[in-house]
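Take a look at the structure below.
Residue numbers (this note's numbering): 76 to 514.
Shown next as structure tokens:
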């Protein structure tokens, strides 16, 4: 550690993945206190649903030893009932993040612009923010996005989804669906049904393959249904995070309850974010109510071997990210990175969907029957994505009357060898007829 830095300056790290970075002991008080007992330290799991901290971070956040678990979250304890420093669900570690100084001298809007510069180099012209409220813990996030848009330097269109954990704040701010403009817009509302499969917090029908747990329900079924009903009645499009098969059961139950009350759920374009483990009957239920899927396709590439060997086993892991089955059933789907969970390279995501090859064992193809066609995978990154965001009238395809958002590539993803799609270079990116990137 830099001795010249302030001794109480925070250290925040991300993308720790225990199955790939096997240390001698779990992260938490014991291991992180040895790095520093003075500086607050927090490490975010690659899933985005688990975090680890040292005692200094807990003290800075005012978290006592007898802290109660919040709804849908857990401060993990050892066999003696003592806190370990591990936290499950954002409702726990948001307390720690909230204690960190917001960054004197830093401007959140500038950070948005900087991040979007990188996105432009990858050929992205529109991105979605499914965690609105998570940065400034409420409606201030919307002001940040508007500030970024007002600079005239934003290189992507942003479609934002306020998170349910700040439900009262959104009501107090008077936020409404469709607010904003063609550049920065409120597209829908975000609910979260469970956690992460690779973190063993995704909610399952049966226990995990190597862990005696069925995961965590972030929202009780009654709460999920009530909030979906509230926002659907107000005309909000709804995106619901769901990884485990039981969580997806709960989501579809909520959709059916809302539909039974006379609300036209098909017109709301409800989608399941990640939609990781899908059974045939769930696909049928999605089709019946116009529910689409958005697959975190990196689950297959980066965690495919772990899904097979440790998380779900060889049989259930074949139900992961069922692109081809949804295509055959007529259920629309998109693919996404869940950045920062995986890299936001759209060409690599297309390759992942088409090949389903594993990073750890390149010759292993997880459920080859679920490989997407190239045409469908390209649509999943373009026209289908525009439809899910409620922007298909203005973007997603090159045709008269829509914005001139496009990329120039040095190869054709529909014809190069499937395992070389990721190697195609982006030469130019254009948004609204203005160039945002040139190689």
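Using N, Cα and C, we set each Cβ at its ideal position, and we do this for glycine too.
Coil, strand or helix - residue i by DSSP
{"i": "residue 389", "result": "helix"}
{"i": "residue 511", "result": "strand"}
{"i": "residue 506", "result": "strand"}
{"i": "residue 490", "result": "coil"}
{"i": "residue 210", "result": "coil"}
{"i": "residue 237", "result": "strand"}
{"i": "residue 171", "result": "helix"}
{"i": "residue 114", "result": "coil"}
{"i": "residue 293", "result": "coil"}
{"i": "residue 475", "result": "coil"}
{"i": "residue 496", "result": "helix"}
{"i": "residue 258", "result": "coil"}
{"i": "residue 409", "result": "strand"}
{"i": "residue 270", "result": "coil"}
{"i": "residue 299", "result": "helix"}
{"i": "residue 304", "result": "helix"}
{"i": "residue 441", "result": "coil"}
{"i": "residue 340", "result": "helix"}
{"i": "residue 286", "result": "coil"}
{"i": "residue 278", "result": "coil"}
{"i": "residue 250", "result": "coil"}
Enclosing beta strand (DSSP E) for residue i [first to last residue]
{"i": "residue 207", "result": "201-207"}
{"i": "residue 425", "result": "Segment 421-430 is the alpha helix (DSSP H) holding residue 425; no beta strand (DSSP E) there."}
{"i": "residue 149", "result": "149-152"}
{"i": "residue 161", "result": "158-163"}
{"i": "residue 126", "result": "125-128"}
{"i": "residue 346", "result": "346-349"}
{"i": "residue 484", "result": "481-484"}
{"i": "residue 401", "result": "Segment 398-404 is the alpha helix (DSSP H) holding residue 401; no beta strand (DSSP E) there."}
{"i": "residue 454", "result": "That residue, residue 454, is in no beta strand (DSSP E); its alpha helix (DSSP H) goes 449-456."}
{"i": "residue 142", "result": "It is not in any beta strand (DSSP E) - residue 142 carries neither H nor E in the DSSP assignment."}
{"i": "residue 91", "result": "86-91"}
Own chain residues within Cβ distance below 6 Å of residue i, not counting five before or after
{"i": "residue 123", "result": "416"}
{"i": "residue 254", "result": "261"}
{"i": "residue 471", "result": "457, 458 and 461"}
{"i": "residue 410", "result": "370, 372, 424, 428 and 455"}
{"i": "residue 92", "result": "121"}
{"i": "residue 344", "result": "312"}
{"i": "residue 178", "result": "Confidence at residue 178 is low in this model, with a pLDDT of 48, below 50, so the placement of that residue should be treated as unreliable; the coordinate-derived value is given next. Answer for residue 178: no residue qualifies."}
{"i": "residue 199", "result": "231"}
{"i": "residue 127", "result": "102, 103, 118, 160 and 161"}
{"i": "residue 452", "result": "425, 428 and 429"}
Limits of the unbroken alpha helix (DSSP H) element including residue i
{"i": "residue 325", "result": "320-335"}
{"i": "residue 104", "result": "104-110"}
{"i": "residue 380", "result": "373-381"}
{"i": "residue 267", "result": "Looking at the DSSP string, residue 267 is not in any alpha helix (DSSP H); the run it does join, the beta strand (DSSP E), is 264-267."}
{"i": "residue 188", "result": "183-196"}
{"i": "residue 363", "result": "355-364"}
{"i": "residue 314", "result": "That residue, residue 314, is in no alpha helix (DSSP H); its beta strand (DSSP E) goes 313-317."}
{"i": "residue 219", "result": "215-225"}
Spatial distance of residue i from residue j (CA atoms)
{"i": "residue 212", "j": "residue 176", "result": "13 Å"}
{"i": "residue 515", "j": "residue 316", "result": "The requested residue 515 is not part of the displayed model; the chain covers only 76 to 514."}
{"i": "residue 401", "j": "residue 358", "result": "7 Å"}
{"i": "residue 450", "j": "residue 511", "result": "26 Å"}
{"i": "residue 144", "j": "residue 491", "result": "51 Å"}
{"i": "residue 380", "j": "residue 214", "result": "40 Å"}
{"i": "residue 148", "j": "residue 333", "result": "26 Å"}
{"i": "residue 246", "j": "residue 152", "result": "36 Å"}
{"i": "residue 180", "j": "residue 186", "result": "Reliability fails at residue 180, whose pLDDT of 45 lies under 50, so the model's placement of it is uncertain and no value is given."}
{"i": "residue 398", "j": "residue 113", "result": "48 Å"}
{"i": "residue 65", "j": "residue 293", "result": "Residue numbering for the chain in the displayed model covers 76 to 514; residue 65 lies beyond these limits and cannot be assessed."}
{"i": "residue 169", "j": "residue 331", "result": "32 Å"}
{"i": "residue 339", "j": "residue 309", "result": "12 Å"}
{"i": "residue 58", "j": "residue 482", "result": "One cannot answer for residue 58 here, as it falls past the ends of the chain, which runs 76 to 514."}
{"i": "residue 501", "j": "residue 188", "result": "19 Å"}
{"i": "residue 182", "j": "residue 360", "result": "45 Å"}
{"i": "residue 90", "j": "residue 132", "result": "18 Å"}
{"i": "residue 391", "j": "residue 284", "result": "9 Å"}
{"i": "residue 422", "j": "residue 191", "result": "17 Å"}
{"i": "residue 140", "j": "residue 404", "result": "51 Å"}
{"i": "residue 497", "j": "residue 420", "result": "8 Å"}
{"i": "residue 515", "j": "residue 109", "result": "Lying before the first or after the last residue shown, residue 515 is absent from the chain, which here runs from 76 to 514."}
{"i": "residue 514", "j": "residue 252", "result": "36 Å"}
{"i": "residue 240", "j": "residue 505", "result": "35 Å"}
{"i": "residue 306", "j": "residue 79", "result": "50 Å"}
Residues near residue i by beta carbon distance below 7 Å, same chain, minus five either side
{"i": "residue 469", "result": "257, 477 and 478"}
{"i": "residue 290", "result": "269, 270, 275, 276, 277, 278, 279 and 319"}
{"i": "residue 377", "result": "417 and 434"}
{"i": "residue 341", "result": "364 and 365"}
Own chain partners of residue i with C-beta closer than 8 Å, once the 5 adjacent residues on each side are dropped
{"i": "residue 259", "result": "220, 221, 223, 224, 229, 232, 233 and 235"}
{"i": "residue 494", "result": "426, 430 and 432"}
{"i": "residue 407", "result": "367, 368, 401, 459, 462 and 463"}
{"i": "residue 352", "result": "272, 277, 279, 318, 319, 320, 323, 387, 391, 394 and 395"}
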